[in-house]
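Enquirer:
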Amino acid sequence: MRLLPYKILLFLFTLVFVTFYLSGNVLAEPTTETLPHKTDFLTFPYCVNNPVGGSYCGTTWYARASASQRSGYRSALKSSTKNYTHVYLSVTSSNAGHNFYTNPSGFHAILKETVDDGIKPVVWLTSDSGTWKDKPIADIQNDIKNLIQYTSGGVSVDSMVNSYEIGLEANEYWTQAEVNSIANFLDNLTTKPLAMHQTPGRWDYCKGQAWCDYMILQYGFGKTEDQIKTMTTNAINDLGKPVVAGEYNSDETVSGYEQISIRLGNAALTRCAAGFGNGATPGNVIWPSCSGSNTPTPTLRITPTSAPTLVQNQPPFAHNITVTTSQNTQVYIQLTFDDPDGPGPYTYTITQQPVNGTLTGTDNDRYYTPETGFTGTDTFKWKVRDGLADSNIATVTINIAVKPGDANGDGKVNIADYAIWLTNYNKNLSGPTFGDFNSNGKIDGIDFIIWLKNYTG
14 MRLLPYKILL FLFTLVFVTF YLSGNVLAEP TTETLPHKTD FLTFPYCVNN PVGGSYCGTT
74 WYARASASQR SGYRSALKSS TKNYTHVYLS VTSSNAGHNF YTNPSGFHAI LKETVDDGIK
134 PVVWLTSDSG TWKDKPIADI QNDIKNLIQY TSGGVSVDSM VNSYEIGLEA NEYWTQAEVN
194 SIANFLDNLT TKPLAMHQTP GRWDYCKGQA WCDYMILQYG FGKTEDQIKT MTTNAINDLG
254 KPVVAGEYNS DETVSGYEQI SIRLGNAALT RCAAGFGNGA TPGNVIWPSC SGSNTPTPTL
314 RITPTSAPTL VQNQPPFAHN ITVTTSQNTQ VYIQLTFDDP DGPGPYTYTI TQQPVNGTLT
374 GTDNDRYYTP ETGFTGTDTF KWKVRDGLAD SNIATVTINI AVKPGDANGD GKVNIADYAI
434 WLTNYNKNLS GPTFGDFNSN GKIDGIDFII WLKNYTG
């Protein structure tokens, strides 16, 4: 009888401890049902033939495509020539113009169609639309909770998710401590595996973190097969966790680019990558049977006399770029470069700002906004550093055209422009100032349609 109070105290202590542990601590989640990834969200050929445009099939654009187009994409993923098993879905995207944090029912429907089609959705908890960049962490946590716990027909969003990816190049806008706070919160809401994604060549936010179950590694574009092998090896050896070969090739509109992706993805698979997200051959996946056999790619080359010499680093080559936008209209600009030997991480520097507009954004994602009413040409200059050497200085040229339908050049499309069109209707005059908005030298009904489509009031 004298032991009874002790047993009661021990039981209560254990109960309190377990409750505290489960509510405030995170455990590594098994990745058996998640890995290996088998998909391509950047160079998939179905996107080229998609009527709404190449990019609409990828991670950011999938939600913008019609139901029939999404169905075609899923069928192409599962085709006998692909046998891909996963799809990457972003919750929000500034380029695609969707934000499912405020529309969980819409995201629920997108998830359900992929799951019903036998495809595993990897959900990217993205913040590239800016909705999270300056938000308090508590508000971000609340957004996540409301999204993944949304339930319809007795089925929750979380129950359909295969795994979650925290952010998109998360180190661009969150510190390690902020990522940990968000991820630990999520890990206490779900039993699904969590992954990390950072800027090219980085994986430090995942290292040593109990919440991080695997890494989606971004290599940066323009890498060789040997560089892909080396980076995969380094990441796996440093993390001690599965590494999915993430991004290594871009521009799905270019013929032959998918084959480049497959070759690079296969190179990563030889170094025990836990699948691929940017194209490869599913039959070449050897993870996890290769665990423990990962060895670094040699960093020395042998001359004909067998004397080892260090490889000379080559600086990146930055591309000159030209883009076009309309008056008073912001335009997105992706800074691109070639760098066959890395090593990264890459840092971008604007060496000369534009004169007639403002530049925002980070790294290779930039946005140019022309000054109000400005038309003509503006430029800015930039360079990139691969961690060892600077590139050449490249120039971005922005052509700012008069807004279609704006005859008087005031930056608006309104009744005053209609009056100019009407005055000159059926005349052989050339140029927008006369109402010839398609510049074919004839002012006709087509010009009226252009004015109507761009009417701003």
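In our numbering, the protein residues as written are 14 to 470. Glycine is no exception: its CB is placed at the ideal position from the N, C-alpha and C atoms.
#1: Closest to ALA76 by C-alpha separation, out of GLY370, THR164 and GLY110, would be which residue?
#2: Within the 8 angstroms Cβ cut-off, does PRO213 reach chain B?
#3: Could you tell me whether the region 355-370 touches the region 272-282, using the rule of 3 or more Cβ pairs below 8 angstroms?
#4: Can you give the Cα-Cα distance for TYR186 and TYR177, rounded to whole angstroms?
#5: Sorted by chain position, which residues of the same chain lie with C-beta nearer than 7 angstroms to GLY233's C-beta, five sequence neighbours on each side aside?
#6: With a threshold of 6 angstroms on Cβ separation, who are the neighbours of SER68 within its own chain once the five nearest residues in sequence on each side are excluded?
#7: Quick one, which of TYR97, GLY166, SER172 and ALA190 has its alpha-carbon nearest PRO149's?
#8: So, ALA414 versus THR349, is the Cβ gap smaller than 8 angstroms?
#9: If we ignore side chains and look at the alpha-carbon of each, how far apart do LYS125 and VAL170 end up?
#10: Classify LEU181 as helix, strand or coil using the three-state DSSP reduction.
#11: Assuming the contact rule is C-beta atoms closer than 8 angstroms, ASN7 and ILE463 should be a hit. Round their C-beta distance to whole Å, please.
#12: Using CA coordinates, which residue listed in GLN154, LEU442 and PHE447 is at the minimum distance from ALA432?
#13: Is ASN175 near THR47, with beta carbons less than 8 angstroms apart?
#14: How far does the beta strand (DSSP E) with GLN272 in it extend, from its first residue to its last?
#15: Let me confirm a value: ALA429 is counted as buried when at least 16 other C-beta atoms fall within 10 Å, else exposed. Which label applies?
#16: Nearest-angstrom Cα distance between ASP449 and LEU442?
#17: Is the region 374-383 touching the region 329-344, taking contact as three or more C-beta pairs under 8 angstroms?
#18: For PRO321, name the three-state secondary structure that DSSP assigns.
#19: For TRP216, which residues of its own chain have a beta-carbon under 8 angstroms away from its beta-carbon, when the five flanking residues on both sides are left out?
#20: Need the endpoints of the beta strand (DSSP E) that PRO43 sits in, please.
#21: Just checking my contact of GLY290 with TRP300 at CB under 8 angstroms: how many whole Å lie between their CB atoms?
#22: Buried or exposed for GLY119, going by 16 or more other Cβ atoms inside 10 Å?
#23: To the nearest angstrom, report how far apart TYR59 and ASN333 are at their CA atoms.
#24: Can you check whether the CB of ILE346 is closer than 8 angstroms to the CB of VAL409?
#25: To the nearest angstrom, how far is it from the Cα of LEU202 to the Cα of TYR163?
#26: Alpha carbon to alpha carbon, what distance is there between ALA196 and VAL168?
Expert: A quick look at the data gives this:
#1: GLY110
#2: The question asks about chain B, but that chain is absent: this structure has only one protein chain.
#3: no
#4: 18 angstroms
#5: PRO213, GLY214, GLY357 and TYR359
#6: Only weak support exists for where SER68 lies, its pLDDT of 48 falling under 50; the coordinates are left without a value.
#7: ALA190
#8: no
#9: 9 angstroms
#10: coil
#11: There is no way to answer for residue 7, as the model of the chain reaches only from 14 to 470.
#12: PHE447
#13: yes
#14: Element bounds for GLN272: not the beta strand (DSSP E) but the alpha helix (DSSP H), 270-282.
#15: exposed
#16: 7 angstroms
#17: yes
#18: Note on PRO321: pLDDT 44, under 50, position unreliable in the model; the coordinate value appears next. Correct three-state label for PRO321: strand.
#19: MET209, MET228, LEU230, ALA248, ASP251, LEU252 and VAL256
#20: Neither: PRO43 is in no beta strand (DSSP E) and is coded neither H nor E.
#21: About 14 angstroms separates the two Cβ atoms, so there is no contact after all.
#22: exposed
#23: 29 angstroms
#24: yes
#25: 12 angstroms
#26: 23 angstroms
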